[in-house]
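Enquirer: Which chain is which? The protein sequence lines are A and B, in order. Sequential numbering of the first sequence, starting at 1, is according to the working numbering. Sequential numbering of the second sequence, starting at 1, is according to the working numbering.
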Amino acid sequence: MPLGVALYSADDIISNVYFPYTGIMSIIVGVSSGQFVEAGMLGRNSVVGTGAALDGPAALNTAIAQVESSGMVIDAGVLKGLAGKSEAMRMALVHHERALSAQTQQVAACNALHELEERLGRWLLQSRDLLQRDTLPLTQEFLSQMLGVQRSSVTLVARKLQEAGLIRYRRGHIHVLDVEGLQDACCECYAAINGHFTKLIGWSPTDLRTQQVGH
Amino acid sequence: MARYYFHIKDGADLIQDPEGSELATAEDARRQALISARELWADAIKSGRSLGADAVVIADEHGGLTFVPMAEALPKRPG
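1. In terms of residue numbering, what span does the beta strand (DSSP E) encompassing M41/A cover?
2. Determine the extent of the beta strand (DSSP E) in which T62/A is found, giving its start and end residues.
3. Provide the residue span of the beta strand (DSSP E) that contains D184/A, from first to last.
4. Quick check on M1/B: buried or exposed, where buried means 16 or more other Cβ atoms within 10 Å of its Cβ?
5. For a contact meaning CB atoms closer than 9 Å, what does Q140/A contact in chain B?
6. Am I right that D17/B and A53/B are in contact with their C-beta atoms under 8 Å? What's the rounded C-beta distance?
7. Using a cut-off of 9 Å between C-beta atoms, extract the partners of E115/A located in chain B.
8. Assign H215/A to one of three DSSP states: helix, strand, or coil.
9. Do L131/A and G43/A come within 9 Å of each other at the CB atom, strictly closer than that value?
10. Keeping to the same chain, check which residues put their C-beta closer than 7 Å to that of V5/A; ignore five residues upstream and five downstream.
11. Note down, in chain order, each residue of its chain lying with its Cβ closer than 7 Å to the Cβ of G23/A, except the 5 sequence neighbours on either side.
12. If I follow the unbroken alpha helix (DSSP H) through R119/A, where does it start and stop?
13. Going by CA-CA distance only, name the one from W123/A, D134/A, I74/A that's closest to H175/A.
14. N16/A bridges to which residues according to DSSP?
15. Using 8 Å for Cβ pairs, my map puts I28/A next to F36/A. What's the rounded Cβ distance?
16. How long is the line joining the alpha carbons of E188/A and Q126/A, rounded to whole angstroms?
17. Between which two residues does the alpha helix (DSSP H) harbouring K160/A extend?
18. Which same chain residues end up closer than 6 Å to R128/A when comparing Cβ atoms and leaving out the 5 residues on each side of it in sequence?
19. Express the C-alpha separation of A92/A and G81/A in angstroms, rounding to a whole number.
20. In this structure, does DSSP put K9/B in helix, strand or coil?
21. Residues of chain A with CB under 8 Å from F6/B, in chain order?
22. Give the interface partners of V56/B over in chain A, defined as CB-CB distance under 7 Å, in chain order.
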């Protein structure tokens, strides 16, 4: 099992839908060898477990709360009832589900085609947006789990980013020092994921850093 | 269980593993070092960049060091 608290696991019946206020919720996919990789991450002003309110309660993947997280929870059946009565509610949930779907598709391409350095850069920028701070309480072990690589690979790549002055790594904490530099070092997937959010929901996780939107 | 650190030796540099991993035996640590070395090779070959490592150095909690040269992780040649 990865670090973090599972909100639901593949094949569970999802009884609650989560609306995170803080923290990072990761959608992860495991394989029979025991390895897993993150397929997408959600946080503030997003919805986790949307499928249970739009369709059926069977979980198709696993969602875990990374770092310390807080949020609101609603009974999946109650939310499904509301979505059945309100077109606006239903469409809002559809937009969130599509934004997650677009993110996981982008991440699939990123994992298959981009180098670890770019993927790590993308991942750190996404996490920074969701946590709304430059100091990320993340271990290299956790990073390696989320990116589906060995920890030594993260050690090497983190050193490269550190030598370039983009991050500083201390045991259990990563400080983002140069956001623009990190954006240049990462692939286009960070901007693409934010673009999908903006198209579907009207704001992206990056916007959340500076303004109150989407309530 | 014991904690093993997987430092990476790159020429005169030693890139420290600040966290370490809990593993049952020294043999598990060696197996882990070889898996890590294989991935470092794979990334270097795929990206066309330099390897950036010549050994994975396993450090145990008592300060004991085991050098696992990167070459040990390469597949054996046929015949």
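For each residue, glycine too, the CB sits at the ideal point set by N, CA and C.
Expert: Let me spell this out:
1. 36–42
2. 62–75
3. It is not in any beta strand (DSSP E) - D184/A instead sits in the alpha helix (DSSP H) that spans 179–185.
4. If you draw a 10 Å sphere on the C-beta of M1/B, you find fewer than 16 other C-beta atoms in it, and that means exposed.
5. D17, P18, E19
6. Between A53/B and D17/B the Cβ distance is about 12 Å, and since that is not below 8 Å, they are no contact.
7. D43, K46, S47, R49
8. The predicted model places H215/A with a pLDDT of 43, which falls under 50 and marks its position as unreliable, so this point remains unresolved.
9. It is a contact, given that the beta carbons lie within the stated cut-off.
10. I64, A65
11. G43, A65, Q66, V67, E68, S69, S70
12. 116–131
13. D134/A
14. D75/A
15. 5 Å
16. The alpha-carbon atoms of E188/A and Q126/A are separated by roughly 12 Å.
17. 151–163
18. Hits under 6 Å: V176.
19. 14 Å
20. strand
21. R151, S152, T155
22. S152
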